[in-house]
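What the sequence shown shows, in the working numbering, is residues 10 to 319, in sequence order.
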Amino acid sequence: MSKPDPRALRDAFGAFLTGVTVVTTHDADGAPIGFTANSFASVSLEPPLLLVCLARSSRNFGPLTQAPGFAVNILSQGQKEVSNTFARPVEDRFATVDWTVGPNGSPILSDVAAWFDCTMHQIVDGGDHVVLLGRIEAFYNGQLNGLGYARGGYFVPELAQKAVSVASSETGTIAGTVATRAGQVLLLRGPAGRFALPSCVLASGDGPDQLQTFVGGLAGVAASLGFIYSVYEDRKTGKQHLVYRCELGPGDIRTGQLFPVDALPLDNLVDAPTADILGRYASESVLGNFGMYVGDEQSGKVVSVGKGSS
């Protein structure tokens with residue numbers, strides 16, 4: 010069996026929906042350090058254990074593996090910016106967040122869904138990562154919903170469900186996809202030679218499965234529907250539009266044309282809303298942080314996961 014392609018393997022791992030955590034401790038000089046991680050899991054109730062994974066290439070590798078303990082902060086659905094802060098090479102990641110010292114000594118972030126303050130129980134070799142097993146000495150459940158992450162984007166299930174409910178209540182909702190594979194977007198040749206998103210009309214009561222089946226049949230490859238990317242009403246036609254992100258599988262594309270994300274035909278699309286959707290996708294894909302647009306064909310807002318967004 011051939012060695013798996015690391016990028017393809019990482020993308021496959023990304024299909025698993027996770028929460029988002031910030032792992033924190035202090036370095037040898039007492040300065041707080043932390044990083045964003047979604048490789049977190051509960052391990053045992055007796056004794057109370059959890060685990061997180063840390064890349065050997067991380068700049069936090071030395072300080073964290075030498076620390077007597079660490080904390081895991083599960084971010085709430087309003088803390089996308091906190092996640093971004095601890096994922097970027099910022100000089101002082103703690104300068105813009107509220108935090109306190111936990112009962113066991115590690116930094117605890119404010120307004121999280123839950124936190125666990127641990128002593129280091131064991132460090133296990135895991136290839137290019139190590140697995141940090143922490144024994145939970147103190148914890149807190151904030152009763153807030155967690156921030157979700159999958160396939161390179163954040164999501165808030167509550168927001169997505171609200172959007173689906175609004176759109177699916179209308180008869181004849183037009184459902185479309187930003188269907189991608191390996192950094193390319195599938196577009197269909199529409200009227201007057203202009204390009205359009207793969208889309209179909211959903212009858213009242215139809216769900217995303219119908220759209221996924223349609224796109225897969227159209228493209229001739231497997232299609233995996235992701236999260237909602239845009240919800241808007243076209244006031245000229247009175248139609249609701251629901252656009253999902255979608256991942257295409259391997260194989261020859263039967264219908265349509267794949268365009269690199271940085272070379273989309275933005276000046277040759279069927280309408281302005283499609284141009285807005287693809288222009289936003291091209292911009293957001295640079296950082297891998299995808300929002301959800303809610304509005305009409307001319308104005309609305311991109312819902313970024315921030316305080317008060319529920």
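From the three backbone atoms N, C-alpha and C, an ideal C-beta is built for every residue, glycine too.
Buried/exposed call for residue i, threshold 16 Cβ in 10 Å
i	result
GLU272	Contrary to the premise, residue 272 reads as Ala rather than Glu in this sequence. Result: exposed.
PRO200	exposed
GLY111	buried
GLN307	exposed
ASP126	buried
PRO266	Here the sequence assigns Gln to residue 266, which means Pro is not the residue at that position. Counting Cβ neighbours within 10 Å, GLN266 comes out exposed, since fewer than 16 surround it.
LEU54	exposed
LYS89	buried
LEU18	exposed
PRO282	buried
GLN75	exposed
ALA24	exposed
VAL314	For VAL314, the predicted structure reports a pLDDT of 39, less than 50, and the residue's modelled location is therefore unreliable. The matter cannot be settled from this model.
ASP285	buried
ALA21	exposed
THR264	exposed
ARG190	buried
GLN249	buried
Cut-off 6 Å between Cβ atoms - residues of its own chain near residue i, not counting five sequence neighbours on either side
i	result
GLN320	Because the chain in this structure spans residues 10 to 319, residue 320 falls outside the shown range and cannot be described.
LEU2	The question about residue 2 has no answer here: the residues shown for the chain are numbered 10 through 319.
Nearest-angstrom Cβ-Cβ length linking residue i and residue j, presumed shorter than 8 Å
i	j	result
GLY151	VAL121	6 Å
GLY157	LEU26	6 Å
THR246	LEU211	Contact doesn't hold; Cβ gap of about 15 Å is too wide.
PHE79	THR34	4 Å
VAL81	VAL32	6 Å
LEU118	PHE204	Not confirmed; about 44 Å, so no contact.
VAL240	TYR302	7 Å
Per-residue DSSP class, three states only, for residue i
i	result
GLY247	coil
SER319	Caution is warranted here: a pLDDT of 27 is assigned to SER319, below 50, making its placement in the model unreliable, and the coordinate value is therefore given only provisionally. Looking at SER319 - three-state DSSP - the assignment turns out to be coil, as it is neither helix nor strand.
ILE132	strand
PHE148	strand
LEU73	helix
GLN86	coil
SER66	coil
PRO112	coil
SER48	coil
ILE237	strand
GLY226	helix
PRO41	strand
SER294	helix
PHE22	helix
GLN266	strand
PHE95	helix
Own chain residues within Cβ distance below 8 Å of residue i, not counting five before or after
i	result
TYR253	ALA184, GLY185, THR186, VAL187, PRO217, LEU220, LEU234, GLY235, PHE236, ILE237, TYR238
ILE145	PRO57, LEU58, LEU59, PHE125, ASP126, CYS127
Residues of its chain near residue i, where Cβ-Cβ distance is below 7 Å and the 5 sequence neighbours each way are ignored
i	result
TYR163	LYS89, LEU156, GLY157, ASN298, VAL314
ARG244	ASP305, GLU306
PRO269	GLY192, GLN193
| Using 8 Å as the Cβ pair cut-off and three pairs as the minimum, do the region 221 to 232 and the region 247 to 266 touch? | yes
| request: Indicate whether the contact test is met: 3 or more Cβ pairs, each with one atom in the region 287 to 296 and one in the region 209 to 220, closer than 8 Å. | output: no
| message | Does the region 53 to 64 come into contact with the region 140 to 158, if we say contact requires no fewer than three beta-carbon pairs (one atom in each stretch) closer than 8 Å? | response | yes
| task | Tell me, please, whether the region 34 to 54 touches the region 10 to 21 by the rule of three or more beta-carbon pairs shorter than 8 Å. | result | no
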